[in-house]
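For reference, the structure discussed in these notes is given below.
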Amino acid sequence: MVPATAAGAILLIPGSRPDIIRLTAALFSIVALVFSVYTFVAYDHGEGGYQFQRQWQWVESLGISVHLGVDGISVPMVLLTGIVMMSGVLISWSMKDRVKEYFVLLMALVTGVYGTFVSLDLFFLFFFYELAVLPMYLLIAVWGSTRKEYGALKLVMYLMAGSILVWVALIAVYVEANLGTFNLLALQEVGFAQDFQRIYFPLFMIGFGVLAGLWPFHTWSPDGHVAAPTAVSMLHAGVLMKLGAYGIIRVGITLFPEGAMDWQIPLIALGTINVVYGAMAAMAQRDLKYIVGYSSVSHMGLVLIGLATLDRVGMSGAVLQMFSHGIMTALFFALVGVIYDRTHTRDIMVFQGLSKRMGLTAVFFAVAGLTSLGLPGLSGFVAEIMVIIGAFRTYPVVGVLAIFGAALTAVYILRLLARVFFGPLDERWAHLTDATRLEAFSMGGLVVMLVLVGVYPSPFTKIINSGVAPLISRIADVT
Amino acid sequence: MNVDFSLFLPEFLMAGLAILVLGLDLFIPASRKHWLAYVSLAGVLGTMGSVFYLTGRNEELYGGIFLIDQYAVFFKVFLLAVAAFMLLASVDYVKKNLTSAGEFYGILLFSVMAMMAMVGAGELLTAYISLELFSFSLYILAGYALNQPRSIEAGIKYILIGAFSSALLLYGISLVYGALGTTTFSGMAEALQAGPDLQIAFMAGLVLIIVGFGFKVTAAPFHMWAPDVYEGAPTPVTAYVAVASKAVAFALLLRLFATAFGPALSEWKGIIAGLAVATILIGNLVAISQKNIKRMLAYSSIGQAGYMLMGIAALSTLASNGLLFHIVGYSATNFLAFSCVIAYQNMTGKEEISDYAGMYRRQPFLALVLSVSLFSLAGLPIFSGFATKFYLFTAAASEGLLWVVIIAITGSVISLYYYLMVIKQIYLGEPSDMGRLKIGQPMGGVLAGLLAAVVLFGVYPGPLIKLIEEATAALALGN
Numbered sequence: 001m002v003p004a005t006a007a008g009a010i011l012l013i014p015g016s017r018p019d020i021i022r023l024t025a026a027l028f029s030i031v032a033l034v035f036s037v038y039t040f041v042a043y044d045h046g047e048g049g050y051q052f053q054r055q056w057q058w059v060e061s062l063g064i065s066v067h068l069g070v071d072g073i074s075v076p077m078v079l080l081t082g083i084v085m086m087s088g089v090l091i092s093w094s095m096k097d098r099v100k101e102y103f104v105l106l107m108a109l110v111t112g113v114y115g116t117f118v119s120l121d122l123f124f125l126f127f128f129y130e131l132a133v134l135p136m137y138l139l140i141a142v143w144g145s146t147r148k149e150y151g152a153l154k155l156v157m158y159l160m161a162g163s164i165l166v167w168v169a170l171i172a173v174y175v176e177a178n179l180g181t182f183n184l185l186a187l188q189e190v191g192f193a194q195d196f197q198r199i200y201f202p203l204f205m206i207g208f209g210v211l212a213g214l215w216p217f218h219t220w221s222p223d224g225h226v227a228a229p230t231a232v233s234m235l236h237a238g239v240l241m242k243l244g245a246y247g248i249i250r251v252g253i254t255l256f257p258e259g260a261m262d263w264q265i266p267l268i269a270l271g272t273i274n275v276v277y278g279a280m281a282a283m284a285q286r287d288l289k290y291i292v293g294y295s296s297v298s299h300m301g302l303v304l305i306g307l308a309t310l311d312r313v314g315m316s317g318a319v320l321q322m323f324s325h326g327i328m329t330a331l332f333f334a335l336v337g338v339i340y341d342r343t344h345t346r347d348i349m350v351f352q353g354l355s356k357r358m359g360l361t362a363v364f365f366a367v368a369g370l371t372s373l374g375l376p377g378l379s380g381f382v383a384e385i386m387v388i389i390g391a392f393r394t395y396p397v398v399g400v401l402a403i404f405g406a407a408l409t410a411v412y413i414l415r416l417l418a419r420v421f422f423g424p425l426d427e428r429w430a431h432l433t434d435a436t437r438l439e440a441f442s443m444g445g446l447v448v449m450l451v452l453v454g455v456y457p458s459p460f461t462k463i464i465n466s467g468v469a470p471l472i473s474r475i476a477d478v479t
Numbered sequence: 480m481n482v483d484f485s486l487f488l489p490e491f492l493m494a495g496l497a498i499l500v501l502g503l504d505l506f507i508p509a510s511r512k513h514w515l516a517y518v519s520l521a522g523v524l525g526t527m528g529s530v531f532y533l534t535g536r537n538e539e540l541y542g543g544i545f546l547i548d549q550y551a552v553f554f555k556v557f558l559l560a561v562a563a564f565m566l567l568a569s570v571d572y573v574k575k576n577l578t579s580a581g582e583f584y585g586i587l588l589f590s591v592m593a594m595m596a597m598v599g600a601g602e603l604l605t606a607y608i609s610l611e612l613f614s615f616s617l618y619i620l621a622g623y624a625l626n627q628p629r630s631i632e633a634g635i636k637y638i639l640i641g642a643f644s645s646a647l648l649l650y651g652i653s654l655v656y657g658a659l660g661t662t663t664f665s666g667m668a669e670a671l672q673a674g675p676d677l678q679i680a681f682m683a684g685l686v687l688i689i690v691g692f693g694f695k696v697t698a699a700p701f702h703m704w705a706p707d708v709y710e711g712a713p714t715p716v717t718a719y720v721a722v723a724s725k726a727v728a729f730a731l732l733l734r735l736f737a738t739a740f741g742p743a744l745s746e747w748k749g750i751i752a753g754l755a756v757a758t759i760l761i762g763n764l765v766a767i768s769q770k771n772i773k774r775m776l777a778y779s780s781i782g783q784a785g786y787m788l789m790g791i792a793a794l795s796t797l798a799s800n801g802l803l804f805h806i807v808g809y810s811a812t813n814f815l816a817f818s819c820v821i822a823y824q825n826m827t828g829k830e831e832i833s834d835y836a837g838m839y840r841r842q843p844f845l846a847l848v849l850s851v852s853l854f855s856l857a858g859l860p861i862f863s864g865f866a867t868k869f870y871l872f873t874a875a876a877s878e879g880l881l882w883v884v885i886i887a888i889t890g891s892v893i894s895l896y897y898y899l900m901v902i903k904q905i906y907l908g909e910p911s912d913m914g915r916l917k918i919g920q921p922m923g924g925v926l927a928g929l930l931a932a933v934v935l936f937g938v939y940p941g942p943l944i945k946l947i948e949e950a951t952a953a954l955a956l957g958n
C-alpha cells in the first residue's frame, strides 16, 4: 500500500526523458497493483475488522498519528484503485505534452486516493482526500479538452466547497468527543449525542456527497469528465467519485449511526433522484463523454441508495456497485478515449457502423454497456440486484424507481451501441484502425474483471460483508 | 543591580554588525556593494549561533523588563532565519534597482535587532520602544527606491499611518498604566487578578492597544495602508513587511495577551474574535479582484492575519502552539511566494498578474515553486499551509470559537480561487516573449531552501512542534 507514496516521490527524480518516466510510472503501478491484489487475497474475511494496521505518531499534542489499516469495505476499493491506475497509466502511453508533470500529478492523485482508503486517522483521511482533489485542477486545465478551464475550475470549487463542510464537521467531532485524538477507532466508540449527530451527519453526507455526485451537487461531474483527458476521466469517475461514497460510510455512518437513521429518507430520496435524473439526462446527450458522465451520476445514485438503506444486503450491494461501476466506467472512458483519438469527435450522431473497423473496441463497449444496464453474468447485475433487494426491504417505492432507472439505462445504452457501432459503415470512418495492442491489453484487464465479478462474486461479497456487518450491528445497537 | 550582560549577547552582536556594515560601506567600491549582504549574512548566522548559548535559560532582567526564556529564544532564532533569507533574496534586487546598498543592509540589521528586543520585552514601554525602532527602519526601507514615486508614496503613507497607530498605542499604554499602576506584564496580570472590578480606563486603554496593534498586524478595518505600501515598496521590503513584521507583532501580541491580559480574557476575547472574522472576510474577498500580484498577496496576507488573530482569541496552550506553527509555516510560505515575485521582477521587471502568463514555458522551476507556495497559502496538503491551518483551526474550535473557524475555512477556500487564477496564468497563458529566464544564484538558494521547508513542515512537522511546545511552555498558560 505504501509504495504509492514512493511512486510520487521517485517520479520527481527523472529529468526530461519521457520514455523513462513512462516506464517508471508503469513499474510503480505494477508494484502498487501487486500490493493491492496481495491485500485483497491476504485479507481474512472470516476474522473481519481492520487488518494490516500500522501506526506512527505524527503530532502528539493534537492526537494525530499516521494510522493505516483496511477492512472489508476498503479492501475492494484498494484493489479497484490498483486496477484503474494500471490501466490509466497504460492508456496515457501516447501522451506527448509535458509528460513528466503529467505523471507526477497522476501519481499524486493516486497517492491521495490510496491514502484515503487506508487511513484510519481522520486527519490523514482528510489530508489524502484533499490531496486527491488538488492535482485535478492542473490535470484537467493543462491536458484537457472542451472548455477545460471552465470544467477544471468548476470541479475544484465544487469539491472544495464540499470539503469546507467535511472540515468543519471533523473539527466539531474532535471538540465534541474531547478525547484529544483524531483516531477513528477511538472516536467511533464515543457514541455522540443524538442532537449532535443530527446536526453534523448532513455535513458529512453533503460534503462527501459532492464528490460522490449527489444530486443537486453533481453538475461539476459531467463538465469535469468531458474536459478531462482520458486517464484522468478514468481515475476520476472510476475511483475518485468512490471516495465520496466511501467517506459517507467510513466517517459519516461509522461515527453517526443515529444521525444516519435520521437522515435516511433525504439521502435515499436524493439517491433516487440521482438514478432517474442521471439516466434521463444521459438520454438527452449527444456527446459520448457527457453520456458516460451522466450515466456515472445515475449509477452513483444506486450506490447512495444502497448506503441509505442501512441494510446489510443493500450496503454490501452499494460497496460492490462502487467496485463494479469503478471498473466499468474506467472502461467506458478508456473506450471513448480510443474512439476520440482516432475520429477527433465524440458526437454520436456522426458515427455509424464503427464495429466494421474497430471490432475489438465494439466488443468491449458492448460489455461495458451491458454491465451498465445490469445484464446477468456481468458485475453490474450482482451489485444492482443487491442494492434493489436492500431497497425493497426498506422502502419498496425506491426499489421500483431504481428498477425504472436501470430500465432507462438500457434505453440509452442500447441506442448508443446501435448508432455508433452497428449499421452500415459510414465512408468517413473507413480508414479507422482498431485499438492498439497496448490499449487492448489495458482495457481487456477491465473486461476480465467485469466478467469475473459477474460470474463468481462470492470472494467479493464475503469480504464486503465482513466490512459491512460491524456497521450494521452498530446501527442495530442504536435502534 | 547586578546584570549579566552576556544575556544581551545577540542584541549587542546585531547592533555591532549593523554599525560595522555601515562603516564598511565607506570603503567598499560601488561595484562590490553586494559583499555587504554576505558580510551581513555571516553576521546574522553568527548571531544565531550566539542565541543557542541562551537556550534553556530562564531569566528576568531589570525586574521583568527584559525576558530571556524559551519563547524569546525560539523567536530570535526564527527571526534571524527570516533575516538571513531576506538578505539573500535582496542581493540581486538591490544591485539592479536601488542605490546606496550599504545603508539598506545596515538599516535592515537594525530592524532585526529591534525585533529581537521586541520578542524579549516583558514590559509595555520596552515593547513600545523596540516596536518603534523596528517600524522606523521599515518606514525608511519602504521609501528606499527614491527614483520611484510609488515607493516614496508608500514610505510616506506608511510613516503617517504608523505614527498614528503608535500614538494610539502609547495612549492606550498610558491609560492601562493609570488603571493598573504598572507596565510590566507580570505586574499587570497580578493587578488584574486582585482587582475584581475593571475600571473604564483600563477597558479604554485595552481597546486602544488592540487598535494600535490592529494597524501593525493589518487587522481589518485598520488594514487600508497595507496594500498601498506592499505595492509601492521595493519588493524585498514588501516581503519583509509581510513576513517579519507580522510574525514579530504577533509574537509580542501573544506574550502581552497571554501573560499580562490573560486574567481579563473574557473582556477581549469577543473583540479579537470579531476582528479576526472581519479580517478574514475582507482580506480574502478583496483579494479576488486584484490585478497586481503584490496587492493580491497583500490582501491574502491580511486574510492570514485574521487566522492568526483567531489563535490569539482562543488563548490556550494548544492555540498558542497552533499560532506559532502557523506563523512559522506562513512565513516560510509567504516568503517563498514573494521570493518568486522578486525573482520574476529581477528577470522581467514586471509585477502584474497578467504578466505571469505562460511563465511555465520560460522558467518551469519558478512556476513550480510559485504554484507550491500558492497552494500552501490556500491550505492544501502536502504543504505546510494545510498542517498549520488544521492545527490552528482545531485548537481554536476547542476553545469555543467554532463559528470563527467556519468562517476561516470558508475564507481559505475563497483564497484558493484567486490563487488558482494566478496558477492558471502561469500554466495556461501564452507568454508574450518566449525567451528562457535565468534565476540568480542567491535567489536559487532561497527558493530551494524555503521550498524544502514548506514541504517538510507539511509532511513531518513533529520536530518543529516539539520546539514550539517548549517555547509556549514559557507563557505558562496552564491547560
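Chains as they are written, first to last, in this note's numbering: chain D, 1 to 479; chain A, 480 to 958. Every residue gets a Cβ at the ideal spot worked out from N, C-alpha and C, and that includes glycine. Remember, it's a predicted structure, so these values are computed and weren't measured experimentally.
Query	Result
Assigned exposure category for D:GLY480 - 16 Cβ within 10 Å defines buried	As shown, chain D starts at 1 and ends at 479. That puts residue 480 of chain D outside it, with no answer to give.
For A:ALA822 and A:LYS829, the rounded distance between their alpha carbons	10 Å
Below-8 Å beta-carbon distance, A:SER833 vs any chain D residue	no
DSSP state of D:ASP287 mapped onto helix, strand, coil	strand
CA nearest to the CA of A:ALA876, picked from A:ALA793, A:PHE613 and A:GLY691	A:ALA793
Pair within 8 Å by beta-carbon distance, A:GLY684 and A:ALA658	yes
Reduced DSSP secondary structure (H/G/I, E/B, other) of A:ALA699	coil
Contact the region 300–317 of chain D vs the region 432–446 of chain D: 3+ CB pairs below 8 Å	no
Cα-Cα separation between A:ILE631 and D:PHE123, rounded to whole angstroms	47 Å
The region 727–743 of chain A contacting the region 601–618 of chain A, beta-carbon criterion three pairs below 8 Å	yes
Neighbouring residues, chain D, relative to A:PHE854 (Cβ below 9 Å)	LEU134
Within 7 Å of chain A by C-beta, residues of the region 102–131 of chain D in sequence order	PHE123, PHE127, GLU130 and LEU131
Runs of alpha helix (DSSP H) lying entirely within the region 680–735 of chain A, each at least 4 residues, in chain order	704–711, 714–719 and 725–734
Neighbourhood of A:LEU566 by C-beta, 6 Å cutoff - its chain only, sequence neighbours within 5 removed	ALA516, SER519 and LEU520
Among D:GLN264, D:MET77 and D:SER145, the one whose alpha carbon lies nearest that of D:THR230	D:SER145
Near the ligand PLP: A:ALA562 beta-carbon under 7 Å from a heavy atom	In the structure on display, the ligand PLP does not appear, and there are no ligands present to speak of.
Under the three-state DSSP convention, the category D:HIS431 falls into	coil
Distance between A:TYR709 and D:PHE204 (C-alpha atoms, nearest Å)	40 Å
Complete alpha helix (DSSP H) runs within the region 206–238 of chain D (minimum length 4 residues, chain order)	220–227 and 230–235
Chain-ordered chain A contacts of D:ILE171 [CB-CB under 8 Å]	PHE872, THR873, ALA876, LEU881 and VAL884
Within 8 Å of chain D by C-beta, residues of the region 610–644 of chain A in sequence order	none
Euclidean distance between Cα positions of D:VAL453 and D:ASP426	36 Å
Under 8 Å between C-beta atoms of D:GLY301 and D:VAL319	no
Sufficient close CB pairs (3 or more, under 8 Å) joining the region 847–855 of chain A to the region 795–803 of chain A	no
Contact between the region 66–81 of chain D and the region 461–476 of chain D (3+ Cβ pairs under 8 Å)	yes
Listed by chain order, chain D residues near A:LYS903 by CB distance under 7 Å	ALA141 and GLU149
8 Å Cβ shell around D:GLY69 - same chain, five flanking residues per side excluded	TYR50, GLN51, PHE52, GLN53, ARG54, VAL118 and LEU120
D:ILE164: contacting residues in chain A (beta-carbon distance under 7 Å)	ILE888, THR889 and VAL892
Under 8 Å between C-beta atoms of D:GLY293 and D:VAL226	yes
Alpha-carbon to alpha-carbon, D:SER36 and D:MET86	11 Å
Distance between A:VAL573 and A:VAL686 (C-alpha atoms, nearest Å)	40 Å
Three-state class that DSSP yields for D:ARG54 in the structure shown	strand
Spatial distance of A:GLU582 from A:SER569 (CA atoms)	13 Å
Which of helix, strand or coil DSSP assigns to D:VAL338	helix
is_contact[D:TYR174, chain A] using C-beta, thresh 8 Å	yes
Within 7 Å of chain D by C-beta, residues of the region 800–833 of chain A in sequence order	ASN800
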